Amino acid sequence: VQEIPAANVRSSLAELELQASQVVNRLEYVKVNTDPSQQLPITSGLLHLDKKSSAEVLSKLEALISQFDLSDDESEFLLPPLHETSHLAVVTNSIIGYLQSLDRHQLSRIVMKISSDTNRWLSHMFRFLDCGTRYCRDNSDCILHAVRLAISAKFPPVENTSPDSQLNHLQNICLYLSENSSTFVMQNVCKYLHLPQSCIRVIASNEVRGTIDVAALQKAIAADLEANKFPTFLIADIGSSMCGEIDNIKQLQEICYNNKIWLHSQGHSLSALAITKGTLTDIKPISDSITLNLTNWLGITNLPTVLMYRQVANYQATIFDIDPILSNRLSTLTLWTTLQTLGVDSISDRIFMAFNSCRSLTSILSKIEGIRILNRTPREESGKTFLSLLSNPVNFTMLFESATPVVVFQFDGSEPAKQPDTNNDEVIAKSIEKVSNFAYYDRLNNWLGQILLRDCSQINLEIIDHPVYGICIRYCPFTLAFNDLNIFNEVMEGFQPFLESQIEILRATVKHKSRFNKLVAESEVLRLIDLPDWAGLGGVHYVPQGWETLLTDQAKTELNKLNAVLVDTLKATDSAFSLGEGSDGLICVRFGMVTNDTDVEELLDLVIQTGTKIQENSKILDTMSEILKKGIETATADLQRESDEKLWQEGLLRHVPIVGRMYNWWSPMSRESGIKGRSLNLTQGVVESTENIYRYHMQMSAKQHQLPGNKTPTPLVQTPVSTTTSSQHSRNESTASDQQQQQQQLQKQIINETTSIPSPLQ
Numbered sequence: 001v002q003e004i005p006a007a008n009v010r011s012s013l014a015e016l017e018l019q020a021s022q023v024v025n026r027l028e029y030v031k032v033n034t035d036p037s038q039q040l041p042i043t044s045g046l047l048h049l050d051k052k053s054s055a056e057v058l059s060k061l062e063a064l065i066s067q068f069d070l071s072d073d074e075s076e077f078l079l080p081p082l083h084e085t086s087h088l089a090v091v092t093n094s095i096i097g098y099l100q101s102l103d104r105h106q107l108s109r110i111v112m113k114i115s116s117d118t119n120r121w122l123s124h125m126f127r128f129l130d131c132g133t134r135y136c137r138d139n140s141d142c143i144l145h146a147v148r149l150a151i152s153a154k155f156p157p158v159e160n161t162s163p164d165s166q167l168n169h170l171q172n173i174c175l176y177l178s179e180n181s182s183t184f185v186m187q188n189v190c191k192y193l194h195l196p197q198s199c200i201r202v203i204a205s206n207e208v209r210g211t212i213d214v215a216a217l218q219k220a221i222a223a224d225l226e227a228n229k230f231p232t233f234l235i236a237d238i239g240s241s242m243c244g245e246i247d248n249i250k251q252l253q254e255i256c257y258n259n260k261i262w263l264h265s266q267g268h269s270l271s272a273l274a275i276t277k278g279t280l281t282d283i284k285p286i287s288d289s290i291t292l293n294l295t296n297w298l299g300i301t302n303l304p305t306v307l308m309y310r311q312v313a314n315y316q317a318t319i320f321d322i323d324p325i326l327s328n329r330l331s332t333l334t335l336w337t338t339l340q341t342l343g344v345d346s347i348s349d350r351i352f353m354a355f356n357s358c359r360s361l362t363s364i365l366s367k368i369e370g371i372r373i374l375n376r377t378p379r380e381e382s383g384k385t386f387l388s389l390l391s392n393p394v395n396f397t398m399l400f401e402s403a404t405p406v407v408v409f410q411f412d413g414s415e416p417a418k419q420p421d422t423n424n425d426e427v428i429a430k431s432i433e434k435v436s437n438f439a440y441y442d443r444l445n446n447w448l449g450q451i452l453l454r455d456c457s458q459i460n461l462e463i464i465d466h467p468v469y470g471i472c473i474r475y476c477p478f479t480l481a482f483n484d485l486n487i488f489n490e491v492m493e494g495f496q497p498f499l500e501s502q503i504e505i506l507r508a509t510v511k512h513k514s515r516f517n518k519l520v521a522e523s524e525v526l527r528l529i530d531l532p533d534w535a536g537l538g539g540v541h542y543v544p545q546g547w548e549t550l551l552t553d554q555a556k557t558e559l560n561k562l563n564a565v566l567v568d569t570l571k572a573t574d575s576a577f578s579l580g581e582g583s584d585g586l587i588c589v590r591f592g593m594v595t596n597d598t599d600v601e602e603l604l605d606l607v608i609q610t611g612t613k614i615q616e617n618s619k620i621l622d623t624m625s626e627i628l629k630k631g632i633e634t635a636t637a638d639l640q641r642e643s644d645e646k647l648w649q650e651g652l653l654r655h656v657p658i659v660g661r662m663y664n665w666w667s668p669m670s671r672e673s674g675i676k677g678r679s680l681n682l683t684q685g686v687v688e689s690t691e692n693i694y695r696y697h698m699q700m701s702a703k704q705h706q707l708p709g710n711k712t713p714t715p716l717v718q719t720p721v722s723t724t725t726s727s728q729h730s731r732n733e734s735t736a737s738d739q740q741q742q743q744q745q746l747q748k749q750i751i752n753e754t755t756s757i758p759s760p761l762q
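So the sequence shown is numbered by the UniProt record's numbering: it starts at 1 and just counts up by one.
Shown next, in the form of structure tokens:
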């Protein structure tokens, strides 16, 4: 086979690196598309006949990425920025695709050299000497190959062994894992290896620590041995659980050694093996195989997940283990370039800063009253720092107890330890209330988490739902999105006072909530509304007196309109009020979080007073509508009565079509004898005739202190308008007089003194 000249390879790789870097840089600056008009064109689904340039295709890719952004992140750019090492890892993947064009023999030599170097570096770094390595796509792929190794170690090939006997062995193996591990991954392994699902054994976890129950594990193994089963594989969690708990590795090692079980370890705490400066007192590896999740540990994208395992002499390799492409060993190139770019010191520093940030955050949280820390507290040695502890010879147990990979905490409302003025009965009552209000504390912790995610975005926090403790806040530095730990100490300086201020708000809200509920229960016009997703004081529904018995849909609609107007009015006064809706569809006034100096009674009084004013204004409008209705009826009746009187006074002959015209010519009618129109005077509440309007060509009314000669003549007809007593809505004389004054002011704003109803005969 003719080899490619080295000069051509170097020039091609340099050009490929340049082009790949340009594409990556271009994608880094793809922004979120906030213009809804710029949508992707609808295609027919068929490939275009004409070819497109690379620039057009990349532009289409950028538009595609910007259109399908479903995250809640408010960042301007979609893809995270890449530092130098991450950039190299992405570019290396392009080189991997290019190297696949080499001859298989030549490619195998390259991959063998790269894999050998990487294997040697990782084995020394993570204290797993004389090991084999496999580079997998994800954690489940690592477990799959670890189970294959365990089966090969459990059942070495024996001459004259029948296939039925081998099949019987496979059908009766037992795979153990704790309930904190992913059962789905193990089910996928069984499906791939054609193993029955019944071989999976889920071991209960310790209720206090969250680690695997060693006694339950021993009991399960004994039961399987008695049933002629073959215990084969066990997964140990070393900081991979939700709270970063670590299984008792010493006991698990002893159990697996006595029963010839393959022990596999996984978890973030395994990365602590790379930061020990001294020697490890344990000569043997921690387990038979371990998973290295280097992408999260180093904060670099697109690195393979590494499986390190002890060599199995009788392992039968397949083409998927040997071929450089099918075995995924070519992906080692990304790790090979990354490890050399970082160096051992940089890798150790990154992992050390991650563990040290957890210790610093735990120390801060332990000083704040009302915060409960759920993760394991890091081990402390008197007079020794974390760095000095790593410089001395340590064993696996001391190392993992000192390195905490996650911090999980929540607000539990606990009071300071020393409170001499606190009554014991009150403390017991608060404890009982907290247990019975578990869902409410979940809402409080969810609110706290949302605030911290919004205002402390530099810290990689997330909100989780713990199966035992409920809603919690979790910090984990071993994630791809959080690769800059250099600014952690600066961020922590402002984090502690900010968190303390939020805890004070939560304390005040919890303290005022019972008072709030009591005042609402005693109110005659407020009803407490259950808001399942609201962490504030609560919600109230304003119900005027006499309406609480009305349960019709129309009554609910009117009450919802009234409460919506009430919320709009209150929001103009204080932004703490907001519009809410209960589970029964009733609109309510929501009260948010409060501080210690908040007067809850004053807030509720403000709601009641504002609701009363809105209610009274609506009564005035009802009274105005009643007056207008009665005025129109009175004017219509006056016009009809006057028309009938005129008909009888003038006689029927004037209204006969032909005779009436002759009669009117012979004896014309007086101009003043026509039917007068009617106007409704809202100020005086009377219906008046309109002769003055047509005489002076304007609406005029008499004013106080006006000279007699200048007074407007009194209309010939004045009929008072009377409304029913029920429409007045007055509870006493003072209220009626106040409503009359408000009514007069509203009348002046709505119309100009009178509303005219002209006669059709004028």
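All C-beta atoms, glycine included, are put in the ideal place defined by N, C-alpha and C.
Keep in mind the model is a prediction, meaning the values are calculated, not measured.
Taking C-alpha atoms, which residue in Phe-233, Ile-238, Ile-371 and Glu-245 lies nearest to Asn-206? Glu-245
Secondary structure at Leu-387, three-state DSSP: helix, strand or coil? If DSSP states are grouped into helix, strand and coil, Leu-387 belongs with the helices.
Thinking Gly-538 and Asn-517 are a contact (beta carbons under 8 Å), I'd like their distance in whole angstroms, please. 7 Å
Should Asp-465 go down as buried or exposed, given a rule of 16 or more other Cβ atoms within 10 Å for buried? Asp-465 is exposed by the Cβ-count criterion.
Identity of the residue in Ser-523, Gly-267 and Glu-462 nearest residue 778 by Cα: Since the first residue of the chain shown is 1 and the last is 762, residue 778 is not available in this structure.
Enumerate, from N- to C-terminal direction, the unbroken alpha helix (DSSP H) stretches of 4 or more residues contained entirely within the stretch 122-156. 139-154
Is the distance from the Cβ of Phe-498 to the Cβ of Asp-568 below 9 Å? no
For Ile-503, the nearest candidate out of Ala-204, Ala-354, Thr-595 and Asp-224 (CA to CA): Thr-595
I believe Asp-411 touches Gly-370 by the beta-carbon criterion, under 8 Å. Please report the beta-carbon distance rounded to the nearest angstrom. The amino acid occupying residue 411 in the given sequence is Phe; Asp does not appear at that position. That pair is a contact at about 6 Å.
Check this for me: beta carbons of Thr-404 and Thr-362, under 9 Å apart or not? yes
Could you give the residue range of the alpha helix (DSSP H) that holds Met-593? First-last for Met-593: undefined, no H or E at that position.
Would the stretch 237-253 and the stretch 202-222 be scored as touching if the rule is three or more Cβ pairs under 8 Å? yes
Mapping the DSSP letters down to three states, classify Ser-363 as helix, strand or coil. helix
Can you list, in chain order, the residues of its chain with a C-beta nearer than 8 Å to that of Ser-583? Leave out the 5 residues immediately preceding and following it. Asp-530 and Pro-532
Are Ser-346 and Pro-304 close, meaning C-beta to C-beta below 9 Å? The beta carbons of Ser-346 and Pro-304 sit no closer together than 9 Å.
Could you check which residue in Ser-289, Ile-275, Val-111 and Leu-292 has the C-alpha nearest to that of Asn-356? Checking every option, the nearest Cα to that of Asn-356 belongs to Ile-275.
Three-state class that DSSP yields for Gln-502 in the structure shown: Looking at Gln-502 - three-state DSSP - the assignment turns out to be helix.
Sorted by chain position, which residues of the same chain lie with C-beta nearer than 8 Å to Lys-511's C-beta, five sequence neighbours on each side aside? Asn-596
Let me make sure I understand the geometry here. Which of Leu-129, Gln-458, Arg-474 and Ile-114 has the alpha-carbon closest to that of Tyr-135? Here the closest residue by C-alpha is Ile-114.
Roughly how many whole angstroms lie between the Cα atoms of Ile-255 and Asn-296? 31 Å
Can you give me the start and stop residues for the beta strand (DSSP E) that Gly-539 sits inside? The continuous beta strand (DSSP E) containing Gly-539 extends over residues 538-542.
According to the neighbour-count rule (16 or more other Cβ atoms, all chains shown, within 10 Å of its Cβ), is Gln-450 buried or exposed? exposed
Per DSSP, what kind of secondary structure is Asp-465 in: helix, strand or coil? DSSP places Asp-465 in the strand class (E or B) of the three-state scheme.
Measuring only the C-alpha atoms, how far is Ile-473 from Ala-55? 44 Å
Asp-638 in three-state terms, based on DSSP: If DSSP states are grouped into helix, strand and coil, Asp-638 belongs with the helices.
With a threshold of 16 other CB atoms inside 10 Å of the CB of Ala-237, please say whether the residue is buried or exposed. The sequence shown places Asp at residue 237, not Ala. So Asp-237 ends up on the buried side.
The alpha helix (DSSP H) spanning Ser-402 covers which residue range? It spans 396-402 - the alpha helix (DSSP H) in which Ser-402 sits, taken as one unbroken run.
Shortest alpha-carbon distance to Ile-143 belongs to which of Thr-183, Leu-129, Met-112 and Thr-118? Thr-183
Do Pro-477 and Asn-489 have their C-beta atoms closer together than 9 Å? Judged by their CB atoms, Pro-477 and Asn-489 are not nearer to each other than the 9 Å cut-off.
For Leu-566 versus Tyr-542, is the C-beta spacing smaller than 9 Å? yes
Return the bridge partner residues of Asp-237 from the DSSP annotation. Gln-266
Would you call the stretch 584-593 and the stretch 633-644 in contact, with 3 or more CB pairs under 8 Å? They do not touch, by the three-pair rule.
In terms of residue numbering, what span does the beta strand (DSSP E) encompassing Glu-524 cover? Note, Glu-524: premise wrong, no beta strand (DSSP E); not H, not E.
Might you give, ordered along the chain, the residues of its own chain that have their beta carbon closer than 6 Å to the beta carbon of Arg-515, omitting 5 neighbours on each side? Val-600
Sorted by chain position, which residues of the same chain lie with C-beta nearer than 6 Å to Phe-155's C-beta, five sequence neighbours on each side aside? Excluding residues within five positions, the ones whose Cβ falls inside 6 Å are His-169.
Between which two residues does the beta strand (DSSP E) carrying Ile-371 extend? 371-373
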